[in-house]
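This report concerns only the one structure given below.
Numbering (the UniProt record's numbering), first residue to last: 1 to 103.
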């Protein structure tokens, strides 16, 4: 899923923003960011959506960091091949930075 999990922050119960975890991870910048994953909780599988802080130069077309949709080689290739890819990413993937900072 992620290359490396460096730290996990579990907020105190009663958070006004609902149930969440903050996880510091390493990702492969050559791959699209994960939108979420099915996580096993007891006997059930639950979809957990991921949000990312401090996303800069993010492509909403291919899901990769390092370029914008305007400069996306994957989009250009799809247009050239007359291939339509449904949009999988949007502003929702950006998390607002909270007051918690990693040390």
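Using N, Cα and C, we set each Cβ at its ideal position, and we do this for glycine too.
These numbers were taken from a predicted model, which means no experiment stands behind them.
{"query": "Given 8 Å, three or more beta-carbon pairs between the stretch 45-63 and the stretch 71-90", "result": "yes"}
{"query": "Residue from 50, 45 and 27 whose Cα sits closest to the Cα of residue 95", "result": "50"}
{"query": "Rounded C-alpha distance that separates residue 40 from residue 28", "result": "24 Å"}
{"query": "Nearest-angstrom Cα separation, counted from residue 92 out to residue 137", "result": "The displayed coordinates of the chain run from 1 to 103. Any statement about residue 137 would go beyond what the structure contains."}
{"query": "Contact belief for residue 20 with residue 36 at Cβ below 8 Å, rounded distance in angstroms", "result": "That belief does not hold up - the Cβ atoms of residue 20 and residue 36 are roughly 13 Å apart, past 8 Å."}
{"query": "C-alpha distance - residue 103 paired with residue 6, whole-angstrom precision", "result": "Its pLDDT being 49, under 50, residue 103 is placed unreliably by the model, and nothing is read from it."}
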